[in-house]
Amino acid sequence: MTFEYLRQSLFFFRQHLLTLAAIQLPFLALIGLLSFFLQGDLTSGEDVASGSFLLLGLLQLCLLPLYWGATIFYMQSVLDGKPLTVMSAISLGMTSWGRLLLTYILNGFAVLLGLIMLIIPGVYVGVRLAFADYVCVLEGKSATQSLKQSWSQTQPYFWMLVQGFVIIFLCLFLLQMLIQQLFGSTLPGTLLSLLVDFGGVMLTVFGFRVFSVMREEQ
11 MTFEYLRQSL
21 FFFRQHLLTL
31 AAIQLPFLAL
41 IGLLSFFLQG
51 DLTSGEDVAS
61 GSFLLLGLLQ
71 LCLLPLYWGA
81 TIFYMQSVLD
91 GKPLTVMSAI
101 SLGMTSWGRL
111 LLTYILNGFA
121 VLLGLIMLII
131 PGVYVGVRLA
141 FADYVCVLEG
151 KSATQSLKQS
161 WSQTQPYFWM
171 LVQGFVIIFL
181 CLFLLQMLIQ
191 QLFGSTLPGT
201 LLSLLVDFGG
211 VMLTVFGFRV
221 FSVMREEQ
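As structure tokens, this is what we get:
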């Protein structure tokens, strides 16, 4: 069933490409262009550059829950047969910003702890917590409740999630490597990398498809 759900996820991505792009690309473009200009300003001094990249990382962390929350709300609205507009999705994304931010932080710490132990435990933890974002946004659960619920609900779908995530990740990784080889750290390379970053929404779409299957079966 993994390939069938991947096919359905790709179909959803293509059908709603413009709306998904309108939700995510403005934020990704802001982060990507700031990163590009910071790379070109490394001559200003190591301390200044380090501080700038730290601020950029914090900005990315703060924006991530906003546009991913909006994406999740939009996907659910399509499933309900009442697609949201871009601005409505972003407005709803703001309502779950705090909970989703804390969910991302705790999720990241859990995965990091697993990676410190060895790579495989980190991957295992990351997959078992894959539903946490959807639970947090769509069910209004707290960060800790979302992580616990995801841990219990993903067990029957673990290998399906692993297979789908690995296939999508490898495709995006190979595409990113090709862009890096052809364009390097130039502006065209940065712009093309933005499209690869946007392609990462396929991970969320596939995860949401499996999450929806889980809810239907329950």
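The opening position of the sequence shown corresponds to residue 11 in my numbering, with each subsequent residue numbered one higher.
In this text, a Cβ means the ideal position worked out from N, Cα and C, and glycines have one as well.
Start and end residues, alpha helix (DSSP H) containing residue i
i: GLN198; result: For clarity, residue 198 is Pro in the given sequence; the question names Gln instead. Counting along the chain, the alpha helix (DSSP H) containing PRO198 begins and ends at 197-209.
i: GLY124; result: 107-127
i: THR12; result: 12-25
i: ASP143; result: 142-149
Nearest to residue i (by Cα), restricted to the options the options
i: ALA120; options: SER101, LYS158, LEU148; result: LYS158
i: MET212; options: MET187, GLN191, CYS181, GLU227; result: CYS181
i: VAL145; options: PHE218, PRO166, MET11; result: PHE218
i: ASP207; options: PHE22, HIS26, LEU40; result: LEU40
i: GLY210; options: CYS72, LEU44, TYR77, LEU48; result: TYR77
i: LEU64; options: LEU44, GLU149, LEU171, GLY91; result: LEU44
i: TYR84; options: LEU71, LEU69, CYS72, GLY103; result: GLY103
i: ALA80; options: ALA32, ASP90, LEU71; result: ALA32
i: TYR167; options: PHE21, ARG138, THR113; result: ARG138
i: CYS70; options: LYS92, ILE115, ASP90, ALA99; result: First, the amino acid is wrong: residue 70 is Gln here, not Cys. Checked all of LYS92, ILE115, ASP90, ALA99; the closest Cα to GLN70 is ILE115.
i: MET224; options: ILE82, GLN186, LEU171, GLN163; result: GLN163
i: LEU111; options: ILE129, SER101, CYS72, ILE82; result: CYS72
Residue i versus residue j: straight-line alpha-carbon distance, rounded
i: GLY136; j: VAL220; result: 15 Å
i: MET97; j: LEU28; result: 13 Å
i: ARG109; j: SER152; result: 6 Å
i: LEU74; j: GLU227; result: 30 Å
i: GLU14; j: ALA142; result: 23 Å
i: SER106; j: GLY67; result: 20 Å
i: GLY132; j: VAL176; result: 14 Å
i: THR234; j: PHE37; result: What the structure shows of the chain is the stretch from 11 to 228, and residue 234 is not part of that stretch, so it cannot be assessed.
i: GLN34; j: LEU204; result: 10 Å
i: HIS26; j: LEU201; result: 21 Å
i: ALA99; j: LEU30; result: 10 Å
i: GLN155; j: THR214; result: 20 Å
i: LEU94; j: PHE21; result: 19 Å
i: THR12; j: GLN165; result: 15 Å
i: GLN191; j: VAL88; result: 38 Å
i: ARG17; j: ARG24; result: 11 Å
i: GLY150; j: PHE193; result: 43 Å
Residue i - DSSP class collapsed to helix/strand/coil
i: PRO166; result: helix
i: LYS158; result: helix
i: GLY132; result: helix
i: GLN86; result: helix
i: LEU139; result: coil
i: GLY194; result: coil
i: LEU71; result: helix
i: GLY217; result: helix
i: PRO93; result: coil
i: SER152; result: coil
i: GLN228; result: coil
Whole-number beta carbon distance between residue j and residue i, since they are thought to touch under 8 Å
i: GLY118; j: TYR134; result: Contact doesn't hold; Cβ gap of about 15 Å is too wide.
i: PHE216; j: SER19; result: 4 Å
i: ILE189; j: GLY174; result: With a Cβ gap of about 23 Å, ILE189 and GLY174 do not count as contacting.
Residue i CB to nearest heavy atom of the ligand MN below 7 Å
i: LEU185; result: Questions concerning the ligand MN fall outside what the structure shown contains, since it holds no ligand whatsoever.
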